[in-house]
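Numbering-wise, my numbering puts 207 at position 206 of the sequence shown, and it's gapless, one number per residue. For glycine and all other residues, C-beta sits at the position ideal for the given N, C-alpha and C.
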Amino acid sequence: MFLNAFRSTVRRSGVLSFSTGSTTAQASRPKIYTKTGDKGTSALFTGERRPKDDIVFDALGTNDELSSSIGLAREFCLEQGDDMQGMVSQLEQIQCLLQDVGSNIATPRDSATAPRLARTEFDSDGQHVQDLETWIDAMDQELPPLTSFILPSGGKAAAALHVARSVSRRTERRVVPLAQEQRVDKSVAIYLNRLSDYLFTCGRYSAMKAGRQEVVYKKPRAPRIKKSGITTASEAAQ
Numbered sequence: 002m003f004l005n006a007f008r009s010t011v012r013r014s015g016v017l018s019f020s021t022g023s024t025t026a027q028a029s030r031p032k033i034y035t036k037t038g039d040k041g042t043s044a045l046f047t048g049e050r051r052p053k054d055d056i057v058f059d060a061l062g063t064n065d066e067l068s069s070s071i072g073l074a075r076e077f078c079l080e081q082g083d084d085m086q087g088m089v090s091q092l093e094q095i096q097c098l099l100q101d102v103g104s105n106i107a108t109p110r111d112s113a114t115a116p117r118l119a120r121t122e123f124d125s126d127g128q129h130v131q132d133l134e135t136w137i138d139a140m141d142q143e144l145p146p147l148t149s150f151i152l153p154s155g156g157k158a159a160a161a162l163h164v165a166r167s168v169s170r171r172t173e174r175r176v177v178p179l180a181q182e183q184r185v186d187k188s189v190a191i192y193l194n195r196l197s198d199y200l201f202t203c204g205r206y207s208a209m210k211a212g213r214q215e216v217v218y219k220k221p222r223a224p225r226i227k228k229s230g231i232t233t234a235s236e237a238a239q
């Protein structure tokens, strides 16, 4: 998303400049800040400006947060060892795809021109979702059957992957209203739904590779009632 926005900004502002007396053309470095959003609005890829609290920018921001969460998890996976290289590569590919997700969100399907719609179409053949399912199935074959709820844990990489999984769910919740109104490709919502399943499986797989035992949910014991009052949970456990 941001690369496309950068290119679009370059084209609109004409920041390309050429130094005289030189045969080599050099593009001047654009500033990180543009000040165009100081009044509380931002632009979509169509050029339309909307308030920054618009549902579209909420979805875009959450998608960006998802990519950052995955980036952090990927760094922890790198630290965990060489046996995580396959997952590291997959996570990097997913981060690139989330840029494309952002491009789709930032190009309203109900108002953009046909060329822009075609340029920002996402996973029209379902291949990206199929890739996630293939990766999930491969990891699941090595994992013990899931018989109980598990708590997010299992080492730094596993815990970070669970955080990314929960952010993926939140991103999906932000995108679904847009998909229902046909302002975003439905394939985006489907991909985010499957992505959270993938990240959940990654969390379990990472814990297994780290030699960490999964922490399962245990129903807390109810305190016993005594004539003199209520016992504490620790007293009840003794």
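6 Å Cβ shell around residue i - same chain, five flanking residues per side excluded
i	result
T172	T63, N64, L67 and L193
A74	A161, L162 and A165
Closest by C-alpha distance to residue i, when choosing among the options
i	options	result
I106	C97, T121, I95 and Q94	T121
S70	K32, Q81, A159 and P31	A159
A161	P145, L144 and E76	E76
S72	L61, Q91 and G82	Reading off the sequence, residue 72 comes out as Gly, not Ser. Of the candidates L61, Q91 and G82, the one whose C-alpha sits nearest the C-alpha of G72 is Q91.
S149	H129, K32 and E215	E215
V130	Q181, S197, A74 and R175	S197
M88	K157, I137, Q128 and P31	I137
For residue j and residue i, the rounded distance between their alpha carbons
i	j	result
T56	T42	The residue asked about is misnamed: residue 56 is Ile in this sequence, not Thr. When rounded, the distance between both Cα atoms is 13 Å.
D126	V168	25 Å
L45	M209	43 Å
G155	L144	14 Å
I33	R195	34 Å
A60	P153	25 Å
S189	A119	This sequence places Val at residue 189; Ser is not what is there. Using only the alpha carbons, I get a separation of about 15 Å.
D100	G82	A quick correction: the sequence has Gln, not Asp, at residue 100. Spanning the two alpha carbons is a distance of roughly 27 Å.
S207	R174	26 Å
P31	R213	47 Å
R50	T37	10 Å
S104	L179	14 Å
Q86	D39	42 Å
Sequence-distant residues of the same chain with beta carbon closer than 7 Å to residue i, five excluded per side
i	result
R184	P109, R110 and D111
A113	T47
P52	G41 and T42
D141	T202
Q96	S68, I71 and G72
D84	K210
D124	V130, S188 and Y192
K134	The sequence given here has Glu at residue 134, not Lys. Once the five neighbours on either side are set aside, the close Cβ partners of E134 are R195.
Burial state of residue i, where buried means 16 or more other Cβ atoms lie within 10 Å
i	result
I226	exposed
K220	exposed
L200	buried
V102	buried
A115	exposed
E166	For clarity, residue 166 is Arg in the given sequence; the question names Glu instead. Buried, since its Cβ has 16 or more Cβ neighbours within 10 Å.
S29	exposed
D54	exposed
V217	exposed
D186	buried
Collapsed DSSP secondary structure at residue i in the structure displayed
i	result
P178	helix
P116	helix
S149	coil
P224	coil
V185	coil
S154	coil
A161	helix
G22	Only weak support exists for where G22 lies, its pLDDT of 47 falling under 50; the value from the coordinates is given anyway. Of the three classes helix, strand and coil, the one that applies to G22 here is coil, per DSSP.
K219	coil
A107	coil
Neighbourhood of residue i by C-beta, 8 Å cutoff - its chain only, sequence neighbours within 5 removed
i	result
V205	A small fix is needed here, since residue 205 is Arg in this sequence, not Val. Result list for R205: M140, L144, L147, I151, G155, A159 and E215, in chain order.
S23	Reliability fails at S23, whose pLDDT of 46 lies under 50, so the model's placement of it is uncertain and the value that follows must be treated cautiously. Closer than 8 Å at the Cβ level, and outside the excluded window around S23, lies no residue.
Heavy atom of the ligand SAM within 7 Å of residue i beta-carbon
i	result
V89	With respect to small molecules bound, the structure shown includes none, and the ligand SAM cannot be examined in it.
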